[in-house]
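Position 72 of the sequence shown, counted from 1, bears residue number 78 in my numbering, the numbering being contiguous throughout. We put the CB at the ideal spot given by N, CA and C, even for glycine. Since we're looking at a predicted model, the values are computed, not measured. Before any comments, here is the structure.
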Amino acid sequence: MFRASLVLHELVLPSVRGRRSDEALQTRDAEGWDEAIAVGGKYLTVDDAEAWRLAEMGVEFAYLCNQELADGSFIVVTVPVK
7 MFRASLVLHE
17 LVLPSVRGRR
27 SDEALQTRDA
37 EGWDEAIAVG
47 GKYLTVDDAE
57 AWRLAEMGVE
67 FAYLCNQELA
77 DGSFIVVTVP
87 VK
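Have a look at this one:
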């Protein structure tokens with residue numbers, strides 16, 4: 007996990023990048039970021055304003071969410087945006 011600015015179609019996103027979707031969700035929860043998203047093959051944590059900005063620009067991405075299963079375990083689900 008590392009802090010970075012992702013350049014995506016000339017858009018710079020202040021974010022923290024994780025190697026896996028579950029890492030992005032853990033970072034979001036531990037460090038107080040608003041959202042965990044998947045964009046351009048990367049998993050990021052971003053502020054709400056950055057997620058809204060991506061959506062307004064028409065960038066395809068997906069919100070990452072934990073979904074609890076009946077047995078008490080969790081899986082990561084995505085909610086596409088565009």
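Integer Cβ distance of residue i from residue j, believed to fall under 8 Å
{"i": "T51", "j": "A68", "result": "The pair is not a contact, with the Cβ atoms about 14 Å apart (cut-off 8 Å)."}
Alpha-carbon to alpha-carbon, residue j and residue i
{"i": "A57", "j": "K48", "result": "14 Å"}
{"i": "L75", "j": "A42", "result": "20 Å"}
{"i": "V82", "j": "E62", "result": "25 Å"}
{"i": "R59", "j": "G78", "result": "35 Å"}
{"i": "S72", "j": "E66", "result": "Before going further, note that residue 72 is Asn rather than Ser in the sequence given. Looking at the two C-alpha atoms, the distance is approximately 20 Å."}
{"i": "D28", "j": "L70", "result": "9 Å"}
{"i": "G38", "j": "R25", "result": "18 Å"}
{"i": "G64", "j": "A55", "result": "14 Å"}
Cβ pair residue i, residue j closer than 8 Å
{"i": "D40", "j": "D53", "result": "yes"}
From the options, residue whose alpha carbon lies closest to that of residue i
{"i": "P86", "options": "A55, T33, V45", "result": "V45"}
{"i": "F80", "options": "G64, Q32, A55", "result": "Q32"}
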